[in-house]
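Participant:
In this note's numbering, the protein residues as written are 589 to 739.
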């Protein structure tokens, strides 16, 4: 994962997603993290996760946390800090895109900077080429061995 934290401050509430990019193999799971700092208590926050797929004009809501966070973090006595997590199994290209953590507070939605989830580059072409080469070599050895034994 690549990390470069960004904060957005509004209404004394900020949203941070520290990992900017995940590159995973098909079937791998990712756990995205979102830190929310606010003077508002957790019970009054509504945290949502959105996914914007490539070519999609609007992101879709995929998960909501209501009145709960996975952990509380300490910043200062006047500011509450909450850590939210969202896990997703990335099966194929349909699960990739940019995942955003957002907080609905005081009639506004505050988005984090997003985490891009992409499939890692597959060495399928190389694997296919090697497989064909091995089959060709095995066939050649069998053919040569058959000719040598029949003479």
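Here a beta-carbon is modelled for each residue, glycine too, at the ideal position from N, C-alpha and C.
Taking the runs of the beta strand (DSSP E) that are 3 residues or longer, which of them lie wholly in the region 609-641?
Facilitator: Fully enclosed beta strand (DSSP E) runs of 3 or longer: 616-626 and 634-640.
Participant: Considering only C-alpha positions, which residue in the set 677, 691 and 607 is nearest to residue 669?
Facilitator: Of the listed residues, the one whose Cα sits closest to residue 669 is 691.
Participant: Excluding the five sequence neighbours on either side, which residues of its own chain have a C-beta within less than 6 Å of the C-beta of residue 677, listed in chain order?
Facilitator: So the list reads 617, once near-sequence residues are dropped.
Participant: Taking the continuous beta strand (DSSP E) assigned at residue 703, which residues delimit it?
Facilitator: Element bounds for residue 703: 703-707.
Participant: For residue 623, which of 615, 682, 701 and 683 has the nearest alpha-carbon?
Facilitator: It is 701 whose Cα lies nearest to the Cα of residue 623.
Participant: Taking only the alpha-carbon atoms, compute the straight-line gap between residue 693 and residue 612 and give it to the nearest angstrom.
Facilitator: One C-alpha to the other measures close to 33 Å.
Participant: Taking its Cβ as the centre, do 16 or more other Cβ atoms sit within 10 Å of residue 631, making it buried, or is it exposed?
Facilitator: Result: exposed.
Participant: Taking the alpha carbon of residue 639 as the reference point, which residue from 708, 627 and 675 has its own alpha carbon closest?
Facilitator: When only C-alpha atoms are compared, the closest one is 675.
Participant: Please state the DSSP three-state secondary structure of residue 727.
Facilitator: Of the three classes helix, strand and coil, the one that applies to residue 727 here is helix, per DSSP.
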